[in-house]
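Numbered according to the numbering used here, the sequence shown spans residues 61 to 385.
What follows is a short report on a single structure.
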Amino acid sequence: MASLMCCNVQTKREDRWTNLASVPHINATRSGFLLKSPEKVSHAKTINEDNEQQQRLSHLKDFCQRRQKNHNNKTLKFGDSFIYNDKKKFVYCRIPKVACTTWKKVVLYTLGIVDTHPVNTSLNTLYSYRMPYMKDFKNDTQRIKYMQDNYFSFMLSRHPFDRLFSVYRNKFQNPVVKRASFLHYFGPIILKVTGKNLNTHSKKIRHGIEYYDITFEEFLTFLTMGGYDADDHWTPQTSLCQICKYEFDFIGRFEHLSLDSNKIFKLIQTDINFSISHDYKQKTTDVLKDVYSKIPRTLLLKVYQVYKYDFDAFGYHPNEYFHFL
61 MASLMCCNVQ TKREDRWTNL ASVPHINATR SGFLLKSPEK VSHAKTINED NEQQQRLSHL
121 KDFCQRRQKN HNNKTLKFGD SFIYNDKKKF VYCRIPKVAC TTWKKVVLYT LGIVDTHPVN
181 TSLNTLYSYR MPYMKDFKND TQRIKYMQDN YFSFMLSRHP FDRLFSVYRN KFQNPVVKRA
241 SFLHYFGPII LKVTGKNLNT HSKKIRHGIE YYDITFEEFL TFLTMGGYDA DDHWTPQTSL
301 CQICKYEFDF IGRFEHLSLD SNKIFKLIQT DINFSISHDY KQKTTDVLKD VYSKIPRTLL
361 LKVYQVYKYD FDAFGYHPNE YFHFL
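And the structure:
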């Protein structure tokens, strides 16, 4: 994949929304380190009885076996994606734009940091705490191995095209005031990488500030020109969770968020329960069909190639919203 030619976009901004050095750190103690997790066997039995879950795990296993040569020599690296919970003994791989804000609130609740239901936890409260990341134990191989062997691990996936438009809509099309800095930072970079003239490109006013008006097509073009891993919000899901290096016990889907989350809640034995909504899929499908029908087929093919592993690993069809293959 081509490298970005300007502005070292590859360098991740470690603290995008808050200065974590200045806020309380969740007590990442080793309180459960020496205790064998008795729930692990029970988790496996429950999941084995879930046919849909078994199909997802089997599909992922087949995907990894087919690409074994590409992953054997790669070392597992823990960034900001892997979050652990000693109290409930689970490891959660968070993927931006796949309900990660909701699930980080769940982490706070299940750790006993907050006593409000995750749905009612404010963003200000959420961003007041630093998540307990597995990367904090990157030099403690024994600790990491114990968590891999004994902690219930899960992640949630999302259709790549759905996720990309969600990122665009939230970060570029109509960002909330506290997230407008994202558009201010990446707007000029996207235009430079895609060869646009910053002096003549159209602009828009958001929250009283002028920004470049980045189109969805420009954003997608940027991804195919090396920008696909410039930020975690659109980095491929398979890369963030290193799905062929870390063995997950449960693979949830954003498309069945409430149902799959409730299954996880039962497995980790928490009193949270999400109401099931049946409105999501049709509304989202209609919007995405309209959006992607306006994108050139040649560009869609390039985007598909960039995120092909995400489609293959989690069983998503590229023609879900627009037939171009």
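Glycine included, every Cβ here is placed at the ideal spot set by N, Cα and C.
- The shortest CA-to-CA distance from Phe212 to any of Ser335, Asp346, His103, Leu359 is the one to His103.
- For Val151, the enclosing beta strand (DSSP E) begins and ends at 150 to 153.
- Counting along the chain, Met215 sits inside the beta strand (DSSP E) bounded by residues 212 to 217.
- Only residues of its own chain outside the window of five on either side were considered, and among them Ser141, Cys153, Ile155, Met215 have a CB closer than 7 Å to the CB of Cys301, listed in chain order.
- Cβ neighbours of Leu117 within its own chain (closer than 7 Å, five residues either side excluded): Ile311.
- If you look at Asn184, you'll find it in the alpha helix (DSSP H) that goes 183 to 186.
- Where Arg313 is concerned, the enclosing beta strand (DSSP E) starts and stops at 310 to 313.
- Tyr352 has its alpha-carbon roughly 17 Å from the corresponding atom of Asn230.
- Taking the CA atoms as reference points, Gly268 sits about 32 Å from Pro178.
- Ser217 counts as buried, since at least 16 other C-beta atoms from the protein chains shown sit within 10 angstroms of its C-beta.
- Between the C-alpha atoms of Thr201 and Tyr193 there is a straight-line separation of about 14 Å.
- The continuous alpha helix (DSSP H) containing Phe279 extends over residues 276 to 284.
- For the 8 Å CB-CB criterion, Gly255 and Lys195 do not form a contact.
- In its chain, beyond the 5 residues on either side, Asp222 have a beta carbon closer than 8 Å to the beta carbon of Thr344.
- Per DSSP, the beta-bridge partners of Phe142 are Cys153.
- Fewer than three Cβ pairs drawn from the stretch 266 to 285 and the stretch 164 to 179 lie within less than 8 Å of each other, which leaves the two stretches out of contact.
- Judged by DSSP in its simplified three-state form, Lys252 adopts helix.
- Nearest C-alpha to Thr284 among Val174, Lys362, Asn333, Tyr245: Lys362.
- Annotated as distal: Phe242 and Pro248, with beta-carbon spacing of 8 Å or more.
- Between the alpha carbons of Ser321 and Ser182 lies a gap of roughly 20 Å.
- With a threshold of 16 other beta carbon atoms within 10 Å, His293 meets it and is buried.
- With fewer than 16 other beta carbons inside 10 angstroms of its own, Pro356 counts as exposed.
- Counted as a single uninterrupted DSSP element, the beta strand (DSSP E) harbouring Lys263 occupies residues 263 to 266.
- Ranking Lys326, Leu258, Ile274, His219 by CA distance to the CA of Pro296 puts His219 first.
- Each of Asp370, Asn199, Arg313, Phe384 was checked against the Cα of Cys304, and the nearest Cα belongs to Asp370.
- With a cutoff of 8 Å on beta-carbon distance, Phe232 and Phe279 are scored as near each other.
- When the five nearest sequence neighbours on each side are left out, the beta carbons in the same chain lying within less than 8 Å of the beta carbon of Asp273 are those of His261, Ser262, Lys263, Lys264, in order along the chain.
- Thr275 and Ser299 have their alpha carbons spaced roughly 26 Å apart.
- In the structure shown, Glu112 adopts helical secondary structure according to DSSP, grouped into three states.
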